[in-house]
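Novice:
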Amino acid sequence: MKRLAIALFAAAALAGCATTGKLSSSERLELYRAHAGAPVRDFQYFGSLNGWTELGDSALAVWTKPSEAWLLSLSGPCMDLSYAPAIGVTSMMGRVSAKFDRVIVRSGSPGMAPIPCRIDSIQPLDVKALRASEKELRDAKVEARAEDQGSGGN
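Per our numbering, the very first residue in the sequence shown carries number 3; after that it's consecutive.
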């Protein structure tokens, strides 16, 4: 069932990125959701992130290690998340907890106060499967572009 959902998403994503060449935030969010496990209450956090990816204005993925990532759904729209140069997360005793902790959006504007956004849910991501799916999408996109250019169409 999960494979069917991924295949359907891949077909839709290819149609969507045929003109832009890039997945939209909502398409990326669906891809990440397809590789997310059941919600958990919290995760261990050592004070720094290995990376993060915005997935629209109410979700993001954070990497705590190169092979460990979490899908964070926020309680509402988080202003400027798509444009933020940096983010932070609050934690208590080395744990980030759903319903309690927040993502802090660091704006690039001097004098602007950081914007806190409450974490509504946390889901572990299957990083290996997510990377494989992203590679499949990239390969399929390159193949579709080559076929399109070979037929002389736009």
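For every residue, glycine included, the Cβ atom is placed at its ideal position computed from N, Cα and C.
1. Give the DSSP-derived three-state secondary structure of D44 in the structure shown.
2. Does DSSP classify A1 as helix, strand or coil?
3. Using 8 Å as the Cβ pair cut-off and three pairs as the minimum, do the stretch 129-141 and the stretch 98-118 touch?
4. Answer yes or no: do A61 and S75 have a C-beta to C-beta separation smaller than 9 Å?
5. Which first and last residues belong to the beta strand (DSSP E) in which A146 is found?
6. Go ahead and pull the three-state DSSP assignment for L73.
7. In three-state DSSP terms, what is S60?
8. At which residues does the beta strand (DSSP E) containing A88 begin and terminate?
9. Exposed or buried, Q125, counting other C-beta atoms within 10 Å across all chains shown (16 or more means buried)?
10. Kindly indicate which residue of V98, D122, D59 and H37 has the alpha-carbon position closest to the one of S28.
11. Assign F158 to buried or exposed, taking buried as 16 or more other Cβ atoms, counted over all protein chains shown, within 10 Å of its Cβ.
12. Given a threshold of 16 other Cβ atoms within 10 Å of its Cβ, counted over all protein chains shown, does R133 qualify as buried or as exposed?
13. Could you compute how far the alpha carbon of R35 sits from the alpha carbon of W72?
14. Helix or strand or just coil, what does DSSP make of A12?
Specialist: So, from the listed chains and residues:
1. D44 carries a strand assignment under DSSP once its states are collapsed to helix, strand and coil.
2. The structure shown does not extend to residue 1, since the chain is modelled only from 3 to 156, so the question has no answer here.
3. With the cut-off at 8 Å, the stretch 129-141 and the stretch 98-118 do not touch.
4. In this structure, S75 lies closer than 9 Å to A61 by Cβ.
5. Element bounds for A146: not the beta strand (DSSP E) but the alpha helix (DSSP H), V129 to G152.
6. Judged by DSSP in its simplified three-state form, L73 adopts strand.
7. Per DSSP, reduced to three states, the secondary structure at S60 is coil, with no helix or strand assignment.
8. Residues A88 to V91.
9. Under this definition Q125 is a buried residue.
10. Nearest of V98, D122, D59 and H37 to S28, Cα basis: D59.
11. The structure shown does not extend to residue 158, since the chain is modelled only from 3 through 156, so no value can be given for it.
12. An exposed status is given to R133, since fewer than 16 other beta-carbon atoms sit within 10 Å of its beta-carbon.
13. Going by the C-alpha atoms only, they are around 10 Å apart.
14. Bear in mind that a pLDDT of 45 at A12, under 50, signals an unreliable position, so the model cannot answer this.
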